[in-house]
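Residues in the sequence shown are numbered from 1 upward in steps of one, following UniProt numbering. The beta-carbon is built from N, C-alpha and C at its ideal position, and this holds for glycine as well.
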Amino acid sequence: MTNSRAVVARGKGEPVTVETIVVPDPGPGEAVVRVQACGVCHTDLHYREGGINDEFPFLLGHEAAGVVEAVGAGVTDVAEGDFVVLNWRAVCGSCRACRRGRPQYCFDTHNAAQPMTLADGTPLSPALGIGAFAERTLVHSGQCTKVDPAARPAVAGLLGCGVMAGIGSAINTGQVGRGDAVAVIGCGGVGAGAVAGANLAGAAEIIAVDTDATKLDWATELGATRTVDASRADTVEAVRELTGGNGADVVVEAVGRPETYTQAFYARDLAGTVVLVGVPTPEMQLELPLLDVFARGGALKSSWYGDCLPSRDFPMLVDLYLQGRLPLEKFVSEEISLDGVEHAFSRMDKGEVLRSVVVV
Numbered sequence: 001m002t003n004s005r006a007v008v009a010r011g012k013g014e015p016v017t018v019e020t021i022v023v024p025d026p027g028p029g030e031a032v033v034r035v036q037a038c039g040v041c042h043t044d045l046h047y048r049e050g051g052i053n054d055e056f057p058f059l060l061g062h063e064a065a066g067v068v069e070a071v072g073a074g075v076t077d078v079a080e081g082d083f084v085v086l087n088w089r090a091v092c093g094s095c096r097a098c099r100r101g102r103p104q105y106c107f108d109t110h111n112a113a114q115p116m117t118l119a120d121g122t123p124l125s126p127a128l129g130i131g132a133f134a135e136r137t138l139v140h141s142g143q144c145t146k147v148d149p150a151a152r153p154a155v156a157g158l159l160g161c162g163v164m165a166g167i168g169s170a171i172n173t174g175q176v177g178r179g180d181a182v183a184v185i186g187c188g189g190v191g192a193g194a195v196a197g198a199n200l201a202g203a204a205e206i207i208a209v210d211t212d213a214t215k216l217d218w219a220t221e222l223g224a225t226r227t228v229d230a231s232r233a234d235t236v237e238a239v240r241e242l243t244g245g246n247g248a249d250v251v252v253e254a255v256g257r258p259e260t261y262t263q264a265f266y267a268r269d270l271a272g273t274v275v276l277v278g279v280p281t282p283e284m285q286l287e288l289p290l291l292d293v294f295a296r297g298g299a300l301k302s303s304w305y306g307d308c309l310p311s312r313d314f315p316m317l318v319d320l321y322l323q324g325r326l327p328l329e330k331f332v333s334e335e336i337s338l339d340g341v342e343h344a345f346s347r348m349d350k351g352e353v354l355r356s357v358v359v360v
């Protein structure tokens with residue numbers, strides 16, 4: 001076992017602390033990864049605020065890239081020295097989704113069996129089964145996805161969560177095609193990823209919708225062709241006007257609120273697709289006229305992790321980045337140390353950054 005510095009959330013709403021944790025040697029099916037970079041995702045803030053569950057203390061961080069330092073018995077998919085992006089969909093291969101050839105929906109994903117602990121032996125709950133605001137972390141080997149080591153860790157690690165969720169919501173879930181008109185409502189990290197994904201897929205029109213001018217600028221840099229300031233214009237009317245009165249072929253809702261979902265529903269063309277990738281809170285309710293659901297046709301979809309399959313999608317997207325076709329570096333607003341995570345939460349909450357990235 002080894003000691004590592006790591007970012008820990010000890011209680012609901014309490015500022016995070018940098019502490020020494022104990023990382024066990026890898027057991028069967030496990031791997032220890034030396035973390036090189038980890039993005040600060042809103043999900044980590046949800047953990048700190050008790051919005052996921054109350055299994056404190058949490059070891060935060062999950063959007064990470066690093067190098068495999070050691071593997072346990074039976075591990076054959078990765079080896080010491082491999083450069084990997086960590087994922088929270090280590091497919092089991094045997095659940096009903098996997099058996100039906102849909103591993104991107106795996107219902108029984110793997111995590112490390114052994115707990116990492118505080119110095120006094122208190123078990124830690126790693127965020128999304130990863131816990132990567134740390135010098136080292138213990139994961140299941142299936143959570144390690146090998147990618148081209150030529151990619152900068154601060155960039156590659158972003159595929160571990162938010163950026164992949166956004167790109168995948170457009171490409172995998174929304175199945176955006178060449179020449180499509182796409183609208184993205186909410187242009188934070190995930191929505192910006194959806195813009196980049198729609199651009200990569202060859203959409204002819206990409207309409208970015210937000211109330212924050214800075215986020216609309218970010219979306220433009222990532223491929224948006226038009227922008228709508230939702231604080232000044234009616235979103236549905238604006239999207240229809242920009243699409244010849246028809247509405248968009250695909251609308252990605254990256255906010256996760258009933259109001260913006262309703263806008264997405266009516267901003268799409270007949271037989272168009274709505275993709276919900278924004279995460280709602282438990283108390284939210286949605287009401288739509290059932291006749292409109294029927295009459296407008298098309299598809300209403302939810303996107304889990306961008307419906308990604310890490311073993312397929314991470315290497316492909318890293319290759320596209322290295323070819324200059326996917327500008328992942330534009331998502332990195334700043335690089336910080338482990339000690340800067342609490343301040344990064346504040347900046348993220350205020351919408352001042354697209355992604356802060358911890359470089360270890």
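Starting from the C-beta of SER231, find all residues in its chain whose C-beta is less than 8 Å away, skip the five residues before and the five after it, and write them out in chain order.
Counting only Cβ-Cβ distances below 8 Å, and skipping sequence neighbours, we find THR211.
Starting from ARG347, trace the alpha helix (DSSP H) both ways and give me its first and last residue.
Unbroken alpha helix (DSSP H) run through ARG347: 341-349.
Is the distance from the Cβ of LEU338 to the Cβ of VAL23 below 8 Å?
No, Cβ-Cβ distance for LEU338 and VAL23 is not below 8 Å.
Specify, as a first and last residue, the run of the beta strand (DSSP E) that VAL195 falls within.
First-last for VAL195: 189-201, but that is the alpha helix (DSSP H), not the beta strand (DSSP E).
Pick from LEU270, GLY129, ASP148, VAL358: whose alpha carbon is nearest that of LEU317?
When only C-alpha atoms are compared, the closest one is ASP148.
Smallest Cα separation from ASN111: which of LEU222, VAL139, LEU270?
If we check each option's Cα against that of ASN111, VAL139 comes out closest.
Report buried or exposed for ASP180, applying the criterion of at least 16 other Cβ atoms within 10 angstroms of its Cβ.
Buried, because 16 or more other Cβ atoms sit within 10 Å of the Cβ of ASP180.
Closest to PRO55 by C-alpha separation, out of THR122, LEU270, VAL293, would be which residue?
The question names Pro, but residue 55 is Glu in the sequence shown. Comparing Cα positions, the closest option is THR122.
Is the beta carbon of GLY193 sitting closer than 8 Å to the one on CYS308?
No, Cβ-Cβ distance for GLY193 and CYS308 is not below 8 Å.
At what residues does the alpha helix (DSSP H) containing VAL318 begin and finish?
From DSSP, the alpha helix (DSSP H) with VAL318 extends over 310-322.
With distance defined between alpha-carbon atoms, name the residue in LEU128, LEU60, GLU205 nearest to GLY11.
When only C-alpha atoms are compared, the closest one is LEU60.
Would you check if the segment 256-276 and the segment 149-167 touch, i.e. whether three or more CB-CB distances between them fall below 8 Å?
No, because fewer than three Cβ pairs between the segment 149-167 and the segment 256-276 fall closer than 8 Å, the two stretches do not touch.
Could you work out which residue in TRP88, TYR105, LEU159 is closest to ASP319 when comparing CA atoms only?
Among TRP88, TYR105, LEU159, the Cα nearest to that of ASP319 belongs to LEU159.
When you compare only the Cα positions, how much space is there between CYS161 and GLY131?
Between CYS161 and GLY131, the C-alpha separation is close to 13 Å.
Three Cβ pairs or more, each shorter than 8 Å: is that satisfied between the segment 89-104 and the segment 33-46?
The segment 89-104 is not in contact with the segment 33-46.
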